[in-house]
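Presented below is the structure to which this report refers.
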Amino acid sequence: RATNLRRVRAQWETTLALLKPDLLADAARVRAVEQEIGQQFRVQERRQIAWTRAQAEAFYAEHQGRPFFGRLVGYMTSGPFVALALAGPQAVSQWRKTMGGTRPVQMRVRNPASLRARFGLTDTRNSFHGSDSAETARRELAFLFGDSKIGRNWEHASPQAGNLPP
Ligand code: GDP
Ligand code: MG
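Residue numbers (UniProt numbering): 2 to 167.
Written out as structure tokens, the structure reads:
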């Protein structure tokens with residue numbers, strides 16, 4: 002039991018998930034997705050957000066200059082979205098796996114069970130975001146939740162006995 006808890010602690014991570022504006026437009030889909038997420042992760046924070054253009058550009062700064070950048074920023078400022086801090090063993094890679102790759106149409110062939118295959122619309126409007134590494138997760142969680150417990154104090158992301166993944 003103690004060994005098991007130690008192992009879970011060692012792999013425990015928190016990642017950032019976004020339910021992007023196209024998904025938010027459909028409340029029933031949001032409920033279905035969040036129910037699935039709750040079965041797999043601890044939802045440590047949840048916040049509905051609407052970005053300014055400057056905020057979207059800052060969040061996606063790594064993609065500045067790419068041909069899809071304007072569309073991406075337009076999409077992410079087209080309406081509200083939901084930000085979730087998801088915790089669990091290897092949450093970063095687990096959430097990327099659950100979400101699927103960037104292109105929904107391709108995912109319908111390669112990984113039809115993935116969330117992007119099931120809910121995504123196009124390469125731009127692919128319904129979900131997930132941090133791509135632990136370091137990215139730290140930066141992105143600070144961007145979205147920097148004024149809350151998890152943004153200020155990373156240790157709150159650590160599992161306690163009785164706070165293990167579902
Ligand atoms: P992700 O980590 O799977 O979200 O993909 P990236 O970090 O590479 O890109 C960020 C977001 O930009 C994606 O989720 C898409 O919304 C959009 N995007 C990325 N690549 C493309 C592309 O080739 N075409 C279009 N239209 N959008 C893209
Ligand atoms: Mg990415």
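We put the beta carbon where it would ideally sit given N, CA and C, even for glycine.
Remember, it's a predicted structure, so these values are computed and weren't measured experimentally.
Residue 71 versus residue 5 - alpha carbon distance: For residue 71 and residue 5, the distance between alpha carbons rounds to 47 Å.
Residue range of the alpha helix (DSSP H) that includes residue 66: From DSSP, residue 66 is part of no alpha helix (DSSP H); its letter is neither H nor E.
For residue 84 and residue 17, believed in contact at Cβ under 8 Å, the rounded distance: 7 Å
Residue-level contact to chain C via CB, residue 129, 8 Å cutoff: Reference to chain C is not applicable here, since this structure consists of a single protein chain.
Cα-Cα separation between residue 128 and residue 68, rounded to whole angstroms: 19 Å
Identified DSSP bridge partners for residue 89: 14
Beta-carbon spacing of residue 133, residue 111 below 8 Å: no
Buried versus exposed, by CB contacts within 10 Å (16 or more), residue 40: exposed
CA-to-CA distance, residue 99 to residue 88, given in whole angstroms: 14 Å
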